[in-house]
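Asker:
Residue numbers (the numbering used here): 1 to 413.
1. If you draw a straight line from the C-alpha of residue 304 to the C-alpha of residue 23, how long is it?
2. Can you check which of these residues, 300, 221, 145, is closest to residue 376 by C-alpha distance?
3. Can you give the beta carbon distance from residue 227 to residue 385, rounded, assuming they're within the 8 Å contact cut?
4. Does the region 160–170 come into contact with the region 4–18, if we say contact requires no fewer than three beta-carbon pairs (one atom in each stretch) closer than 8 Å?
5. Under 8 Å: do the region 59–73 and the region 81–98 share three or more Cβ pairs, one atom per stretch?
6. Kindly indicate which residue of 306, 30, 291, 269 has the alpha-carbon position closest to the one of residue 255.
7. Within its chain, find whatever has a CB closer than 7 Å to the CB of residue 136; leave out the 5 residues flanking it on each side and keep chain order.
8. What three-state label does DSSP hand residue 230 in the structure shown?
9. Can you look up residue 414 in the DSSP assignment and give me helix, strand or coil?
10. With DSSP as the reference, label residue 411 as helix, strand or coil.
11. Assess contact between the region 308–320 and the region 345–365, defined as three or more Cβ pairs (one per stretch) separated by less than 8 Å. Is contact present?
12. If you draw a straight line from the C-alpha of residue 233 to the C-alpha of residue 352, how long is it?
13. Give every residue of the same chain whose Cβ lies closer than 7 Å to the Cβ of residue 196, excluding the five residues on either side of it in the sequence, and list them in chain order.
14. Measuring alpha carbon to alpha carbon, tell me which of 292, 204, 323, 321 ends up nearest residue 308.
15. In this structure, how does DSSP classify residue 61 when only helix, strand and coil are distinguished?
16. Is the beta carbon of residue 372 closer than 8 Å to that of residue 288?
17. Indicate the three-state DSSP secondary structure (helix, strand or coil) for residue 288 in the structure shown.
18. In the DSSP assignment, find the unbroken alpha helix (DSSP H) run with residue 208 in it and report its ends.
19. Flag this pair as touching only if the region 332–347 and the region 42–62 have three or more C-beta atom pairs under 8 Å; answer yes or no.
20. In the structure shown, what three-state DSSP assignment does residue 71 receive?
21. In chain order, what residues of the same chain have a beta carbon less than 6 Å from the beta carbon of residue 449, not counting five sequence neighbours either side?
22. For the structure I just gave you, are there three or more beta carbon pairs, one from the region 119–127 and one from the region 319–337, closer than 8 Å?
23. Residue 274 to residue 84, Cα distance in whole Å?
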């Protein structure tokens, strides 16, 4: 698990180096911010339709082999882009094609790597392992964004792509030496045999659609993604607008958000029995903190609120990921993660435009306050409705011929 965490840190740092440089590269080629957003959407779009197929592939094939092959393919794509940049042969068309292919490979790589990490620890430690993964992700994100500027300044743009390619190769080299936990090894062998006997994409879709816990998790995540969490957008406008701060002030806010994410990941790693109800409660708390942040009279007050906002968001994400990866049967987890990938892509593609429209209509403060109230109100309403639908047995009076104490009536669910 330690080797896997180190490999993931290296890979995440390389990925964020490439993402940071890619945005700058598109701006250099086109001079258009819209084209930058389009390149990000092109890379994310394949997950909308192909994540379910990618999850099915993870259930069908051995995870170590699947993860190693997908990491090697991602390395080849990064090296190809680096060569094109170094030779000054990269244009917008080739960049979009490479981004799309990267998105396709990621539909297999993401669930394969997530479930492979879970196999390295006993079942009771899976939530903690997911928390460690979140911590590694946030640390890699910080390191990658910082290294991108240094690397481009000293070695040029192509060096960031080369570095990312080598980071994927490092993960590929580590995977063959990973040993599943004893209980996980038996579980993986059993689920692999069961998956090959009768595995369909429809089975994963049907399980997700019939599982109230997963549907509730999708609803909470969706409403939070649309009306909150996009703090890079809402807080940037709030800081540079009503609070009259500059780029440096927003950089400080971003740093506090990152620190809060790391603290939240550490706390999330201590969760033993995460649940969808806990995720909903944390999301509602985050919505209320967002409301207060929208009322901030100064940058100092906002900085005080940003830290708990980031902590709550990070713990909620860690708990939600743990539920998602442990609730389904072992032989269905790849397909469930595939369905989740498609659902999450809808939120990630639709959330920023919807939030941008809300900011146009209500301003940054109105978007934060209104969005937070919508999140907390929707989750609270859902909790009340769920309570009314709970099945309650009703005991009738015992009469002659009846069985004493028999639960004779139940409320329809």
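No residue lacks a Cβ here, since even glycine has one placed at the ideal position from N, Cα and C.
Answerer: Judging by the given coordinates:
1. In the chain shown, counting from the first residue as 1, residue 304 sits at position 304. In the chain shown, counting from the first residue as 1, residue 23 sits at position 23. Their backbone Cα atoms lie some 30 Å apart in a straight line.
2. Here residue 376 refers to the residue found at position 376 when the chain shown is read from its first residue. Taking only the C-alpha atoms, the option nearest residue 376 is 221.
3. In the chain shown, counting from the first residue as 1, residue 227 sits at position 227. In the chain shown, counting from the first residue as 1, residue 385 sits at position 385. Going by Cβ atoms, the distance from residue 227 to residue 385 rounds to 19 Å, so no, they are not a contact pair.
4. yes
5. no
6. The residue labelled residue 255 in the question sits at position 255 within the chain shown. Minimum Cα distance to residue 255 is reached at 306.
7. For the purposes of this step, residue 136 is taken as residue 136 along the chain shown, with counting starting at 1. Around residue 136: 5, 8, 9, 12.
8. Stepping through the chain shown from its first residue, residue 230 is reached at position 230. In the structure shown, residue 230 sits in coil (DSSP, three-state: anything other than H, G, I, E or B).
9. Because residue 414 is not part of the residues shown, which for the chain are 1 to 413, the question remains open.
10. Position 411 of the chain shown holds residue 411. Residue confidence is low: residue 411 scores 42 on pLDDT, short of 50, so the model does not pin down where it sits. No coordinate-derived value is stated.
11. no
12. Here residue 233 refers to the residue found at position 233 of the chain shown. Here residue 352 refers to the residue found at position 352 of the chain shown. Answer to the nearest angstrom: the Cα atoms are 8 Å apart.
13. Translated into the one-based positions of the chain shown, residue 196 becomes position 196. Any reading at residue 196 must be qualified, since the residue scores a pLDDT of 49, below 50, and its modelled position is unreliable; the value itself is stated next. Counting only Cβ-Cβ distances below 7 Å, and skipping sequence neighbours, we find 60.
14. Within the chain shown, residue 308 is the residue found at index 308, counting from 1. Nearest C-alpha to residue 308: 292.
15. Position 61 of the chain shown, counted from the start, is the residue given in the question as residue 61. Here residue 61 sits in coil by DSSP.
16. Counting from one through the chain shown, the residue named residue 288 turns up at place 288. Counting from one through the chain shown, the residue named residue 372 turns up at place 372. Contact flag set, yes.
17. Within the chain shown, the letter at position 288 stands for residue 288. Three-state DSSP puts residue 288 in a helix.
18. Numbered from 1 along the chain shown, position 208 holds the residue referred to as residue 208. Taken as a continuous stretch (DSSP letters only), the alpha helix (DSSP H) holding residue 208 covers 201–210.
19. yes
20. Numbered from 1 along the chain shown, position 71 holds the residue referred to as residue 71. In the structure shown, residue 71 sits in a helix (DSSP, three-state: H, G or I).
21. Shown here, the chain extends from 1 to 413; a query on residue 449 therefore has no answer.
22. yes
23. Numbered from 1 along the chain shown, position 274 holds the residue referred to as residue 274. Numbered from 1 along the chain shown, position 84 holds the residue referred to as residue 84. Roughly 46 Å between the two C-alpha positions.
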